[in-house]
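Take a look at the structure set out below.
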Amino acid sequence: MDTTPRLSYTEVGATRLGSLPDGYQHLHHRAAVGHGRPAFEAAGDAVTGWGMHRASGARVTADSPRAEPGAVVEVALGIGPLRFCAPCQVIWAEHGPDRSGFAYGTRAGHPEQGEESFVVELAADGTVWFTVTAFSRPASWYTRLAGPLVPLLQRLYARRLGRTLRGIAARA
Numbered sequence: 038m039d040t041t042p043r044l045s046y047t048e049v050g051a052t053r054l055g056s057l058p059d060g061y062q063h064l065h066h067r068a069a070v071g072h073g074r075p076a077f078e079a080a081g082d083a084v085t086g087w088g089m090h091r092a093s094g095a096r097v098t099a100d101s102p103r104a105e106p107g108a109v110v111e112v113a114l115g116i117g118p119l120r121f122c123a124p125c126q127v128i129w130a131e132h133g134p135d136r137s138g139f140a141y142g143t144r145a146g147h148p149e150q151g152e153e154s155f156v157v158e159l160a161a162d163g164t165v166w167f168t169v170t171a172f173s174r175p176a177s178w179y180t181r182l183a184g185p186l187v188p189l190l191q192r193l194y195a196r197r198l199g200r201t202l203r204g205i206a207a208r209a
């Protein structure tokens with residue numbers, strides 16, 4: 038796997054800073070996925086260890102077993118000729134006692150340009166929250182052609198990840 042960083046956008050790290058850049062579609066999805074420390078730890082491990090993506094049906098190839106800054110990852114969705122490959126690079130990662138997650142940015146060859154973060158937090162009341170934050174815009178002819186369908190599909194996928202993570206946390 039090529040590890041040369043070639044990010045396809047300039048606003049690197051914006052998902053961690055909170056203010057998403059203009060000129061992109063923005064996505065913010067937040068869902069409760071469990072309750073208590075065991076649920077938080079299971080969810081955090083699934084997010085940062087690629088398990089959430091894999092359990093949701095995505096094929097993940099990564100040069101690191103865990104999300105760490107600089108790790109190169111490719112997420113593939115779909116089947117056969119309708120499989121879309123998304124080369125990314127981990128921009129930031131956090132593995133704290135009450136917050137765990139990471140963001141990856143798009144690399145050359147990704148159908149979109151931008152960044153997406155996946156974060157699990159343990160609230161003071163014990164609720165485990167999962168948040169997806171992203172900014173993106175089309176980078177290929179087929180995502181430009183799909184127009185408003187792409188943001189809809191991204192929201193549906195974020196919800197799917199939340200449901201997947203809820204199931205993982207419930208088994209903890």
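If you're matching positions, the sequence shown starts at 38 in the working numbering and goes up one per residue. Heads up, the beta-carbon is just placed ideally off N, CA and C, and yes, glycines get one too.
By how many angstroms is the C-alpha of His72 removed from the C-alpha of Gln150? One C-alpha to the other measures close to 34 angstroms.
For Gly60, is the classification buried or exposed, using 16 other Cβ atoms within 10 angstroms of its Cβ as the cut-off for buried? Answer is exposed; the Cβ neighbour count stays below 16.
Using only the alpha-carbon positions, how far apart do Met38 and Ala206 sit? A caution first: Met38 carries a pLDDT of 45, below 50, which makes its placement in the model too unreliable to give a value.
Following the continuous alpha helix (DSSP H) through Ile205, name the residue where it begins and the one where it ends. Boundaries of the alpha helix (DSSP H) harbouring Ile205: Leu186 to Ala207, taken from the DSSP string.
Rounded distance between the beta-carbons of Ala123 and Thr85, thought under 8 angstroms: Contact doesn't hold; Cβ gap of about 18 angstroms is too wide.
Buried/exposed call for Thr40, threshold 16 Cβ in 10 Å: Low confidence applies here, because Thr40 scores a pLDDT of 47, under 50, leaving its location unreliable; read the following figure in that light. In the assembly as shown, Thr40 is an exposed residue. Its beta-carbon has fewer than 16 other beta-carbons within 10 Å.
Which residues mark the beginning and the end of the beta strand (DSSP E) in which His147 is found? Looking at the DSSP string, His147 is not in any beta strand (DSSP E), and its letter there is neither H nor E.
Is it true that the region 187-202 meets the region 99-106, where meeting means three or more beta-carbon pairs spaced less than 8 angstroms apart? No, they do not touch.
Please name the residue, chosen from Gln62, His63 and Arg74, that lies closest to Asp162 on a Cα-to-Cα basis. It is Arg74 whose Cα lies nearest to the Cα of Asp162.
Would the region 167-185 and the region 44-61 be scored as touching if the rule is three or more Cβ pairs under 8 angstroms? Touching, yes, given that three or more Cβ pairs across the two stretches are closer than 8 angstroms.
Residues that DSSP places opposite Val157 in a beta bridge: Val157 pairs with Ser137 and Phe167.
Buried or exposed, going by whether 16 or more other CB atoms sit within 10 Å of the CB of Gly94? With fewer than 16 other Cβ atoms within 10 Å, it is exposed.
Own chain residues within Cβ distance below 6 angstroms of Gly55, not counting five before or after: Residues of the same chain with their beta carbon placed closer than 6 angstroms to that of Gly55 are lacking, with the five preceding and five following residues left out of the count.
Selected residue, minimal CA-CA separation from Val70, among Arg208, Ala209 and Arg203: For the residues Arg208, Ala209 and Arg203, the minimum Cα distance to Val70 belongs to Arg203.
Length of the line joining the Cα atoms of Leu159 and Arg120: Their Cα atoms are separated by approximately 35 angstroms.
Helix, strand or coil: how does DSSP classify Arg96 here? In this structure, Arg96 counts as strand in the three-state DSSP scheme.
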